[in-house]
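Residue numbering for the sequence shown is 0 to 132, as defined by numbering that gives the first Met the number 0.
Shown next, in structure tokens, is the structure this report addresses.
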Amino acid sequence: MLLVKTRVRDAYRGDVHIGFGLFADQFIPKGTIIWKFNPLIDRVISRYDLASFSDIELHFLETYTYREGENLILCSDDAKYVNHSHTPNTDNFENEEGSVTVANTDINTGDEITSDYSHFADDSQDGAVDAYL
């Protein structure tokens, strides 16, 4: 669940529109926890449940989930719009509160919030869902 004010809007890399992205709607100081897993809001999907989904549902899961152990995690808020960057402004890890995303630098209002997707996926796999099919 996002713990800071954000908004979704069009995202660009240079002049190229890449889809939607998540942008800070407030100043976020370095070290701030901006997202943490909340089992009342976010969803854990077992790899064993994937066979029951249609191709369209699997495509949605491939787009908006990440792997954590034997499960997929679906962020039920706008955190699913965080885009990948090789130089992200957040870090993801486990702490005593569970899965968290923390600002690794000051993030100004209007800055896109980014993450390094390699934290969530095994480089030998195509994607979260494909790894289990």
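Heads up, the beta-carbon is just placed ideally off N, CA and C, and yes, glycines get one too.
Rounded to the nearest angstrom, the gap between the Cα atoms of I27 and S51 is 40 Å.
In the DSSP assignment, Y65 falls outside any alpha helix (DSSP H) and lies within the beta strand (DSSP E) extending over T64 to E67. At a Cβ-Cβ threshold of 8 Å, G20 and Y80 count as neighbours.
By the neighbour-count criterion, in which a residue is buried when 16 or more other Cβ atoms sit within 10 angstroms of its Cβ, S117 is exposed. Per DSSP, the continuous beta strand (DSSP E) segment holding R42 begins and ends at R42 to S45. Each of G18, W34 and T5 was checked against the Cα of V101, and the nearest Cα belongs to W34.
Beta-carbon to beta-carbon, L71 and I44 are separated by about 4 Å, close enough to satisfy the 8 Å threshold. For E96, no beta strand (DSSP E) encloses it, and the DSSP letter there is neither H nor E.
For D14 and R8, the gap between their C-alpha atoms comes out near 15 Å.
Of the other Cβ atoms in all chains shown, 16 or more fall within 10 Å of the Cβ of P87; this residue is therefore buried. With fewer than 16 other beta carbons inside 10 angstroms of its own, F92 counts as exposed. If you look at G20, you'll find it in the beta strand (DSSP E) that goes V15 to A23. Judged by beta-carbon spacing, A23 lies within the 8 Å limit of N107, meaning their Cβ atoms are closer than that value. Restricting attention to D48, G109, V3 and G68, the CA atom closest to the CA of T31 is found in V3.
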